[in-house]
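Everything in the sequence shown is counted per the numbering used here, starting at 19 for the first residue and increasing by one. Glycine residues also receive a C-beta, built at the ideal position from the N, C-alpha and C atoms. Every value quoted in this text rests on a predicted model; they were computed, and no experiment measured them.
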Amino acid sequence: MKKLLVFIFIGFMAQLIDGSLGMAYGVTSTTLLLTFGVAPAMASASVHLAEVVTTAASGASHIKFGNVDRHMVLRLILPGAVGAFVGACFLSNLPGDLVKPYVSLFLLTLGIYILFRFLSQPITPPDGKKLTNKQLVPLGLIAGFFDATGGGGWGPITTPVLLTKRNVAPRKVIGTVDTAEFAVALAATIGFVLSLGWGQVNWFWVGTLMAGGLVAAPIAAWLVRIIPSHLLGVLVGGLIIATNARTLLNAWGVAKETHPVIYTGIFIVWSIALFATIRNHRKIPKPKQVVS
């Protein structure tokens with residue numbers, strides 16, 4: 019019973035983070051499964067199968083709360099699914115561990131930029147310009163590919179890249195990324211099943227992750243709707259920095275003893291940024307209402 023509740027809690031927290039910040043379901047759940055001694059291929063296959071249900075619930079919730087940009091969703095779904103299917107089919111033959119540090123370094127840079135942008139610059143409404151196919155299709159392919167090969171990558175790549183644009187509000191970036199992730203998870207699952215078979219799937223893990231994720235999905239979509247965009251930006255930026263710092267520390271062979279110090283430093287800076295952005299936002303005068 020205790021193990022059942024633990025895995026449901028893992029699914030709940032992973033979906034709550036992913037649904038409210040647009041990333042980290044795969045990273046959170048896969049990392050926690052690996053700590054229980056689950057083999058990487060089995061963990062990734064089980065997580066992606068659970069995501070088929072949780073992302074469907076998350077997407078439906080985001081659509082209900084108006085957090086989705088239909089133009090972007092339609093242009094991300096197909097390339098994301100293709101990239102995920104290819105990545106899942108050839109997982110054992112791809113040098114994902116060699117490429118991952120370079121991707122993490124790129125994302126870490128984006129995270130710092132996003133954090134700075136939402137902390138120091140005034141929040142302006144989206145300019146209404148649509149992102150082109152040349153921008154969205156390659157992004158979907160790359161993000162879907164790394165999602166399948168690395169146990170998570172759709173949100174950590176698409177969300178920060180789209181947040182650097184000024185075309186879409188942060189809540190719609192998060193809702194759109196989560197909604198399109200359903201096709202990515204489904205394609206990756208099909209690829210894993212064809213390559214590894216159903217024997218690599220642990221149905222206990224899948225069921226418990228699904229149960230927790232289904233509860234968290236509508237809560238996360240509601241949070242995205244009510245949390246101000248400047249706070250979403252700083253929260254996402256800090257999460258990007260923290261998750262990619264972990265990958266880089268391990269890839270560069272930094273002494274394990276120094277990791278807690280570095281993580282503590284990141285958390286302190288992140289907390290200061292959150293405090294500062296709340297204070298700065300309060301200083302912005304609210305527009306006066308015109309009495310007719």
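Through-space distance from residue j to residue i, alpha-carbon basis
i, j, result
"ILE35", "ALA239", "10 Å"
"VAL91", "LYS190", "10 Å"
"LEU249", "THR127", "19 Å"
"SER110", "ALA161", "With a pLDDT of 47 at SER110, under the threshold of 50, the modelled position of this residue cannot be trusted, and the question is left open."
"PRO119", "LEU181", "21 Å"
"PHE210", "ALA106", "5 Å"
"TRP223", "ASN298", "44 Å"
"GLU199", "ASN268", "27 Å"
"GLU69", "MET228", "7 Å"
"PHE27", "THR226", "8 Å"
"TYR281", "GLU275", "11 Å"
"LEU241", "MET31", "14 Å"
"ILE136", "PRO246", "Residue identity differs from the one stated: residue 136 is Phe in this sequence, not Ile. For PHE136 and PRO246, the distance between alpha carbons rounds to 11 Å."
"VAL219", "ILE296", "44 Å"
"GLY101", "VAL287", "35 Å"
"LEU214", "ASN85", "36 Å"
"TYR131", "HIS89", "25 Å"
"VAL155", "LYS21", "41 Å"
"LEU125", "ILE81", "27 Å"
"LEU51", "GLY230", "14 Å"
"MET19", "PHE25", "10 Å"
"GLN33", "SER64", "15 Å"
"LYS183", "GLN153", "11 Å"
"LEU96", "ILE208", "14 Å"
Test item: CB-CB of residue i and residue j under 8 Å
i, j, result
"ILE290", "LEU133", "no"
"ALA42", "ALA235", "no"
"LEU39", "VAL254", "yes"
"HIS66", "ALA206", "yes"
"SER122", "LEU266", "yes"
"THR72", "LEU232", "yes"
"ILE192", "THR177", "yes"
"LEU149", "ASN185", "yes"
"PHE163", "VAL104", "yes"
"ALA61", "THR46", "no"
"GLY129", "ASN262", "yes"
"THR197", "GLY37", "no"
"ASP165", "GLY44", "yes"
Minimum Cβ-Cβ distance from residue i to chain D less than 8 Å
i, result
"ALA42", "Note that chain D does not occur in the displayed structure, where there is just one protein chain."
Buried/exposed call for residue i, threshold 16 Cβ in 10 Å
i, result
"PHE293", "exposed"
"PHE285", "exposed"
"GLY98", "buried"
"GLY217", "exposed"
"ILE244", "exposed"
"ASN151", "exposed"
"VAL195", "buried"
"LEU23", "exposed"
"VAL272", "exposed"
"PRO174", "buried"
"LEU159", "buried"
"PRO14", "Any property of residue 14 remains undetermined from this structure, which presents the chain solely from 19 to 310."
"SER310", "Here SER310 scores only 38 on pLDDT, less than 50, and its place in the model is too uncertain to base an answer on."
Check your understanding: What runs of the beta strand (DSSP E), each 3 residues or longer, lie entirely inside the region 62–104?
Key -> none
Check your understanding: What residue ranges within the region 169–209 form continuous alpha helix (DSSP H) runs of no fewer than 4 residues, ordered along the chain?
Key -> 172–181
Practice item. Please list the segments of the alpha helix (DSSP H) lying wholly inside the region 209–286, counting only runs of 4 or more residues, in order along the chain. Key: You should have 221–244 and 247–269.
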